[in-house]
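Peer 1: In UniProt numbering, the protein residues as written are 1 to 384. We put the beta carbon where it would ideally sit given N, CA and C, even for glycine. Take a look at this one; I'll ask things after.
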């Protein structure tokens with residue numbers, strides 16, 4: 001049983017060997033250590049390039065879809081955000097299904113109960129965020145989004161035993177303060193809106209933590225997880241979306257007059273959403289839910305800047321100061337994360353090197369003992 005457990009246990013560092021004394025032979029341990037060193041030194045640059053690519057794709061696609069949806073909802077009078085999200089997810093699933101049929105990626109079976117619950121949870125979180133916006137002022141809604149980061153840190157600390165350094169916490173505080181200064185204006189509270197905001201925070205945090213945890217523990221890629229869960233997210237929003245939108249806008253999405261321009265922007269929004277959904281799962285899987293939220297606030301700053309420069313939205317000194325403080329916080333967060341990752345890699349390589357040195361000596365000693373034993377045996381036989 002222990003051998004089976006060994007094969008399914010991910011090796012994050014060399015200390016895993018201490019959990020299985022006597023199971024691995026010395027040559028096996030030596031080979032695995034060499035593999036760890038090659039992985040740490042050779043594959044890390046490609047992994048970092050993958051992370052940078054995912055971050056860039058997430059920012060570019062998210063800002064693009066905000067611009068597209070702003071034109072669709074503000075200028076063309078299509079206010080049905082929740083229903084539009086369900087269409088986004090359906091198009092995403094159809095695109096991934098076509099890619100899977102073309103063998104662009106391999107589909108991996110995931111426990112159906114896990115996928116269904118995960119998909120429903122993410123769908124509900126989107127609906128709750130939209131309801132929160134409908135029942136609260138824009139300022140309180142922005143506070144709701146700001147609360148996602150500290151709540152995620154709290155949940156990961158309590159339930160996943162993840163440690164966040166004081167430097168990381170400080171950088172997050174600076175970031176949130178900056179975004180708050182730039183985007184939070186009024187804070188009108190009401191009971192229903194507060195409850196909806198709290199539920200939206202909880203479901204969003206849990207959904208993003210599960211997005212990361214499922215990929216790592218079940219060894220599935222972001223594409224595989226999105227492909228499996230998108231139909232259930234789309235289904236829950238396809239059913240609830242028209243009801244939520246009608247409640248918030250007092251309009252029926254099916255009675256709306258769809259002009260050719262509106263249809264063109266809906267199609268464009270759905271196409272961009274494929275990149276948004278794909279990059280979201282990729283960023284969370286390759287980094288962490290907290291890093292994804294930090295990236296989200298960068299998008300907020302970019303959208304505010306875009307609105308000011310191109311759409312001539314009102315902009316104050318407070319907005320400018322807030323954005324600059326937020327960017328400074330993001331810079332601190334990125335710097336501290338890079339430094340901590342380098343320190344962790346250095347420790348892992350040091351442990352691997354120590355294990356390599358420790359295990360190489362017994363191999364030689366064993367060979368010397370075997371040669372010595374054979375020599376004595378040969379001498380003894382010759383004397384007889």
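Do residue 234 and residue 112 have their C-beta atoms closer together than 8 Å?
Peer 2: No; because the gap between Cβ atoms is not below 8 Å, this pair is not in contact.
Peer 1: Hey, out of 338, 291 and 298, whose CA is closest to residue 325's CA?
Peer 2: Among 338, 291 and 298, the Cα nearest to that of residue 325 belongs to 298.
Peer 1: Taking the alpha-carbon positions, what's the residue 214 to residue 317 distance?
Peer 2: When rounded, the distance between both Cα atoms is 43 Å.
Peer 1: To the nearest angstrom, report how far apart residue 363 and residue 219 are at their CA atoms.
Peer 2: The predicted model places residue 363 with a pLDDT of 47, which falls under 50 and marks its position as unreliable, so this point remains unresolved.
Peer 1: In this structure, how does DSSP classify residue 111 when only helix, strand and coil are distinguished?
Peer 2: Residue 111 falls in the coil class under three-state DSSP.
Peer 1: Which value, in whole angstroms, describes the spacing of the CA atoms of residue 252 and residue 243?
Peer 2: Near 9 Å, if we compare the C-alpha coordinates of residue 243 and residue 252.
Peer 1: Given a cut-off of 8 Å, decide if residue 184 and residue 142 are closer than it, judged by their beta-carbon atoms.
Peer 2: Taking 8 Å as the Cβ cut-off, residue 142 and residue 184 qualify as a contacting pair.
Peer 1: Can you name, in chain order, every residue of its own chain whose Cβ lies under 8 Å from the Cβ of residue 232, other than the five neighbours on each side?
Peer 2: Contacts found: 115, 116, 118, 119, 120 and 123.
Peer 1: Of the residues 153, 284 and 145, which one's Cα is nearest the Cα of residue 208?
Peer 2: Of the candidates 153, 284 and 145, the one whose C-alpha sits nearest the C-alpha of residue 208 is 284.
Peer 1: Give the straight-line distance between the Cα atoms of residue 109 and residue 226, rounded to the nearest whole angstrom.
Peer 2: Between residue 109 and residue 226, the C-alpha separation is close to 12 Å.
Peer 1: Name the two residues that bound the continuous alpha helix (DSSP H) containing residue 189.
Peer 2: Run containing residue 189: none; DSSP gives neither H nor E here.
Peer 1: Candidates 282, 306 and 342: which alpha carbon is nearest residue 52's?
Peer 2: The shortest Cα separation from residue 52 among 282, 306 and 342 belongs to 282.
Peer 1: Need the endpoints of the alpha helix (DSSP H) that residue 90 sits in, please.
Peer 2: Segment 81 to 101, the alpha helix (DSSP H) holding residue 90.
Peer 1: Going by Cα to Cα distance, which pick from 148, 293 and 267 is closest to residue 72?
Peer 2: Closest option to residue 72, Cα to Cα, is 267.
Peer 1: Are residue 389 and residue 278 closer than 8 Å when you measure CB to CB?
Peer 2: Residue 389 lies beyond the range of the chain shown here (1 to 384); nothing can be said about it.
Peer 1: Indicate whether the contact test is met: 3 or more Cβ pairs, each with one atom in the segment 163 to 178 and one in the segment 78 to 85, closer than 8 Å.
Peer 2: No, they do not touch.
Peer 1: Would you say residue 205 and residue 151 are within 8 Å of each other, going by their C-beta atoms?
Peer 2: Cβ distance < 8 Å, so residue 205 and residue 151 count as in contact.
Peer 1: What is the C-beta distance between residue 93 and residue 99, in whole angstroms, given that I count them as a contact (C-beta under 8 Å)?
Peer 2: At roughly 11 Å, the Cβ-Cβ gap does not stay under 8 Å, so residue 93 and residue 99 are not in contact.
Peer 1: If you reduce the DSSP assignment to three classes, tell me which class residue 258 lands in.
Peer 2: In this structure, residue 258 counts as coil in the three-state DSSP scheme.
Peer 1: For residue 145, does the three-state DSSP call read helix, strand or coil?
Peer 2: Helix at residue 145.
Peer 1: Does residue 335 pass the burial test, meaning 16 or more other C-beta atoms within 10 Å, or should it be called exposed?
Peer 2: With fewer than 16 other Cβ atoms within 10 Å, it is exposed.
Peer 1: Do you know offhand how far residue 333's Cα is from residue 170's?
Peer 2: If you take the alpha carbons of residue 333 and residue 170, they lie about 8 Å apart.
Peer 1: Nearest by alpha-carbon distance to residue 180: which of 342, 341, 321 and 351 is it?
Peer 2: Checked all of 342, 341, 321 and 351; the closest Cα to residue 180 is 321.
Peer 1: Just how far apart, CA to CA, sit residue 197 and residue 350?
Peer 2: Cα to Cα, the separation comes out at about 46 Å.
Peer 1: So the candidates are 133, 65 and 229; which of them puts its Cα closest to the Cα of residue 188?
Peer 2: For the residues 133, 65 and 229, the minimum Cα distance to residue 188 belongs to 133.
Peer 1: If you scan the segment 209 to 297 from start to end, which runs of the alpha helix (DSSP H) of 4 or more residues do you find wholly inside it?
Peer 2: You should have 222 to 249 and 260 to 286.
Peer 1: Please report the Cβ distance between residue 329 and residue 178, rounded to the nearest whole angstrom; I am assuming they are in contact, meaning their Cβ atoms lie under 8 Å.
Peer 2: With 8 Å as the limit, residue 329 and residue 178 qualify as a contact, their Cβ atoms being about 5 Å apart.
Peer 1: Go ahead and pull the three-state DSSP assignment for residue 150.
Peer 2: Helix, per DSSP.
Peer 1: Is it the case that the Cβ atoms of residue 295 and residue 55 are separated by a distance below 8 Å?
Peer 2: Yes, the Cβ-Cβ distance between residue 295 and residue 55 is below 8 Å.
Peer 1: Could you check what DSSP says for residue 198 in three-state terms: helix, strand or coil?
Peer 2: Correct three-state label for residue 198: helix.
Peer 1: Roughly how many angstroms separate the alpha carbons of residue 97 and residue 191, rounded to a whole number?
Peer 2: Their backbone Cα atoms lie some 43 Å apart in a straight line.
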